[in-house]
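Engineer:
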Amino acid sequence: MRAENPSAGKLGPVQLVPGVTTINGWAFLLTMFFVGVLAPFINFAQPYILTEHLRIPINEQGAVSGDLAFWSEVVMILLAGVMGAWSDTMGRRLVFVFGLAGVALSYVLYPLATSYEELLSYRLIYAVGMAAIGAMTIAIMAEYPVNQSRGKLSASVGVLSTLGVMFVVAVLAPLPARFVVGGATAVEAGRYTYWLTAGIALAGVLIAWLGLSKLKTARNTALSLMQRLRIGLTAGRNPRIALSYGAAFIGRTDLVVVVIFLSLWITHVALEQGMSTEEALIEAGIMLGLMQGAGILFMPIMGFLVDRINRVVAVALATGLALVGYLWLGLLDQPMGVQAYPAAIILGMGQASAILTAMALVGQEVSETETGAVSGLFTLFGAIGILLATKIGGLLFDAWMPGAPFVITGLANGVILIAALVMVGMGLHRGVHSDA
33 MRAENPSAGK LGPVQLVPGV TTINGWAFLL TMFFVGVLAP FINFAQPYIL
83 TEHLRIPINE QGAVSGDLAF WSEVVMILLA GVMGAWSDTM GRRLVFVFGL
133 AGVALSYVLY PLATSYEELL SYRLIYAVGM AAIGAMTIAI MAEYPVNQSR
183 GKLSASVGVL STLGVMFVVA VLAPLPARFV VGGATAVEAG RYTYWLTAGI
233 ALAGVLIAWL GLSKLKTARN TALSLMQRLR IGLTAGRNPR IALSYGAAFI
283 GRTDLVVVVI FLSLWITHVA LEQGMSTEEA LIEAGIMLGL MQGAGILFMP
333 IMGFLVDRIN RVVAVALATG LALVGYLWLG LLDQPMGVQA YPAAIILGMG
383 QASAILTAMA LVGQEVSETE TGAVSGLFTL FGAIGILLAT KIGGLLFDAW
433 MPGAPFVITG LANGVILIAA LVMVGMGLHR GVHSDA
């Protein structure tokens, strides 16, 4: 059995496949901590850049934020499948390192922008890097663990990623205020904070290069790029893989919507109450920290359940929690204070569970030769979800109400919940590798 192979490593309860060492596993988890910092911070701190660096009027920032995310996701849509297929040829490690290096460059350039157009160009560099990182994360999570450990590895990745977000809240969010107190201007404070974050990305480059597995997975090298992309679409005929694509559609949307529009909403409310932009960033960090804290506490529970219940049922549970949390928060008058805490806790639990269960489901169903192509399509559907949510959400944020992005994201979770329940009712939830 693979679990008994002496060349197979372990990460505590997570059993790795033969050829993947414990060092490879720990390097991946540590890299995911860095990704947990890098993925949300560019959006989390964006209201600061828009307000202090570019002086964009507050009543236009919803549409601007949505547009930046929209065009970023267009790039990710164009490259998601390409990155997965490219990694089938070049190897996961090289593509992962490429992505981290691109994100590091974007963090160096972002606070130097003097116009919206310049900011957008730097944001697209970030998008290229994140397209590579997203595809490689899914591929590695499908390839490193044995099937019985996929839920545990997904939970571990979720915990490390959430710790990365907590690092944003506890360490990075207060930095602009501290730099200003130390004598820096608001613009200088923003630059210093982003440049320190670029250093974190470079640390991730080093860990990934030295620690990830250098092995290349089994694949049919005779296939062209377009054939590999078609493999991902063909795999979607499996209803469970199709559901995982749908879950990716809303799962990746969840964190992006929270980070972009929660920070922007709180910034609006804080400025209306006479607070500074630096203080608003700290307040946003408190709410984000509460959500992520709830998520990190619930993640081990969900990881335990994913390995013991049917994974389609797990997707239904996760999206049900997210549905309640998003609608509750989105319909509040303001996302701060005691009245927002219960909604934030439930949202955090659902948000953390949604992508975990989607990753575990696709990892269960995909074959070894399909992994690169399917991981690329998984990322692609996530990017499409972000594209729609950010564009529509940004417009509705300014035109309707600040809670609009949360309402539409909650409804999207409801659609996936219904699809999962229909699959259970029709008996389509049981796959070849499922145990429940």
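Take the position in the sequence shown, starting the count at 1, then add 32; the result is the number in the working numbering. Positions of the beta carbon are idealized from the N, C-alpha and C atoms, including for glycine. Everything numeric in this text was worked out from a predicted model, so none of it was measured.
What first and last residue would you give for the alpha helix (DSSP H) that runs through P72?
Structural biologist: Locating residue 72 in the sequence shown gives position 40, counting from the first residue. Run containing P72: T54 to F76, per the alpha helix (DSSP H) assignment.
Engineer: In chain order, what residues of the same chain lie with their CB nearer than 6 Å to the CB of V454, ignoring the 5 residues before and after it?
Structural biologist: On the sequence shown, position 422 is the one that residue 454 refers to. Answer for V454: no residue qualifies.
Engineer: Suppose you measure from the CA of A202 to the CA of F65; what does that come to, to the nearest Å?
Structural biologist: Here residue 202 is taken as the residue at index 170 of the sequence shown, counted from 1. Here residue 65 is taken as the residue at index 33 of the sequence shown, counted from 1. Rounded to whole angstroms, A202 to F65 spans 14 Å at the Cα level.
Engineer: Kindly indicate which three-state DSSP category N252 falls into: helix, strand or coil?
Structural biologist: In the sequence shown, residue 252 corresponds to position 220, counting from 1. Unreliable placement is indicated for N252, whose pLDDT of 48 sits below 50; the coordinate value is still reported in the next sentence. Of the three classes helix, strand and coil, the one that applies to N252 here is coil, per DSSP.
Engineer: Are the CB atoms of F429 and A421 nearer to each other than 8 Å?
Structural biologist: Taking the first residue of the sequence shown as 1, we reach residue 429 at position 397. Taking the first residue of the sequence shown as 1, we reach residue 421 at position 389. Their beta carbons are not under 8 Å apart, which means F429 does not touch A421 by this criterion.
Engineer: From S276 to Y373, what does the alpha carbon distance come to, in whole angstroms?
Structural biologist: The residue you call residue 276 lines up with position 244 of the sequence shown. The residue you call residue 373 lines up with position 341 of the sequence shown. Going by the C-alpha atoms only, they are around 30 Å apart.
Engineer: Considering only the beta carbon of each residue, do I448 and V344 sit closer than 8 Å?
Structural biologist: As a position in the sequence shown, residue 448 is number 416, starting the count at 1. As a position in the sequence shown, residue 344 is number 312, starting the count at 1. Result no, Cβ atoms of I448 and V344 do not sit closer than 8 Å.
Engineer: Nearest-angstrom Cα distance between A233 and V67?
Structural biologist: Position 201 of the sequence shown, counting from 1, holds the residue named residue 233. Position 35 of the sequence shown, counting from 1, holds the residue named residue 67. Cα to Cα, the separation comes out at about 8 Å.
Engineer: Rounded to the nearest angstrom, how far is the Cβ of I314 from that of A209, given a contact under 8 Å?
Structural biologist: Locating residue 314 in the sequence shown gives position 282, counting from the first residue. Locating residue 209 in the sequence shown gives position 177, counting from the first residue. The Cβ separation is near 6 Å, so the contact holds.
Engineer: Rounded to the nearest angstrom, what separates M458 and T266 at their Cα positions?
Structural biologist: Start at 1 with the first residue of the sequence shown, and residue 458 comes out as number 426. Start at 1 with the first residue of the sequence shown, and residue 266 comes out as number 234. Taking the straight line from one Cα to the other gives about 21 Å.
Engineer: List the DSSP bridge partners of Q47.
Structural biologist: Taking the sequence shown and counting its residues from 1, the one referred to as residue 47 is at position 15. Paired residues: K42.
Engineer: Per DSSP, P177 forms a beta bridge with which residues?
Structural biologist: For this step, residue 177 is matched to residue 145 along the sequence shown. L48.
Engineer: For M30, which three-state DSSP category applies?
Structural biologist: Here the chain comprises residues numbered 33 to 468, so residue 30 is not present and cannot be evaluated.
Engineer: Measuring CB to CB, does L419 end up less than 8 Å from P72?
Structural biologist: The sequence position of residue 419 within the sequence shown is 387, counting from 1. The sequence position of residue 72 within the sequence shown is 40, counting from 1. No. Outside cutoff.
Engineer: Using three-state DSSP, classify Q305 as helix, strand or coil.
Structural biologist: Residue mapping note: residue 305 aligns to position 273 of the sequence shown, counting from 1. The answer is coil: DSSP assigns Q305 none of H, G, I, E or B.
Engineer: Count the C-beta pairs between the segment 179–190 and the segment 331–343 that are closer than 8 Å, then say yes if the count reaches three, no if not.
Structural biologist: Yes, they touch.
Engineer: Taking Y358 as the reference, which of E304, V290, T389 and M173 has the closest Cα?
Structural biologist: On the sequence shown, position 326 is the one that residue 358 refers to. Considering only alpha carbons, the answer is V290.
Engineer: Determine, using beta carbons only, whether L100 and L151 come nearer to each other than 8 Å.
Structural biologist: Counting from 1 along the sequence shown, the entry for residue 100 is found at position 68. Counting from 1 along the sequence shown, the entry for residue 151 is found at position 119. The answer is yes: Cβ separation under 8 Å.
Engineer: Determine the contact status of G236 and G362, defining contact as a CB-CB distance below 8 Å.
Structural biologist: The count along the sequence shown starts at 1 and reaches residue 236 at position 204. The count along the sequence shown starts at 1 and reaches residue 362 at position 330. No.
Engineer: What ranges does the alpha helix (DSSP H) occupy inside the segment 102–167, keeping only unbroken runs of at least 4 residues that lie completely in it?
Structural biologist: Counting only runs of 4 or more, we get 124–141.
Engineer: Less than 6 Å between C-beta atoms, sequence neighbours within five positions excluded: which residues of the same chain meet that for Y142?
Structural biologist: For this step, residue 142 is matched to residue 110 along the sequence shown. Correct list, in chain order: Y154 and Y226.
Engineer: Give the range of the alpha helix (DSSP H) segment to which G357 is assigned.
Structural biologist: One-based indexing of the sequence shown puts residue 357 at position 325. R343 to G362 is the extent of the alpha helix (DSSP H) around G357.
Engineer: What is the DSSP secondary structure of P332, counted as helix, strand or coil?
Structural biologist: The residue labelled residue 332 in the question sits at position 300 within the sequence shown. Helix, per DSSP.
Engineer: Please list the terminal residues of the continuous alpha helix (DSSP H) segment that includes D365.
Structural biologist: The residue you call residue 365 lines up with position 333 of the sequence shown. That residue, D365, is in no alpha helix (DSSP H); it is neither H nor E in DSSP.
Engineer: Going straight from the alpha carbon of G306 to that of H300, what length do you get?
Structural biologist: Looking up residue 306 in the sequence shown gives position 274. Looking up residue 300 in the sequence shown gives position 268. One C-alpha to the other measures close to 10 Å.
Engineer: Would A59 pass as a contact of A326 if the rule is Cβ separation under 8 Å?
Structural biologist: By one-based count along the sequence shown, residue 59 stands at place 27. By one-based count along the sequence shown, residue 326 stands at place 294. No, these two residues do not count as a Cβ contact at 8 Å.
Engineer: For the alpha helix (DSSP H) containing S188, name the first residue and the last one.
Structural biologist: Taking the first residue of the sequence shown as position 1, residue 188 is located at position 156. It spans R182 to F199 - the alpha helix (DSSP H) in which S188 sits, taken as one unbroken run.
Engineer: Of the choices A452, S407 and L82, whose alpha-carbon is the least far from that of G352?
Structural biologist: Locating residue 352 in the sequence shown gives position 320, counting from the first residue. If we check each option's Cα against that of G352, A452 comes out closest.
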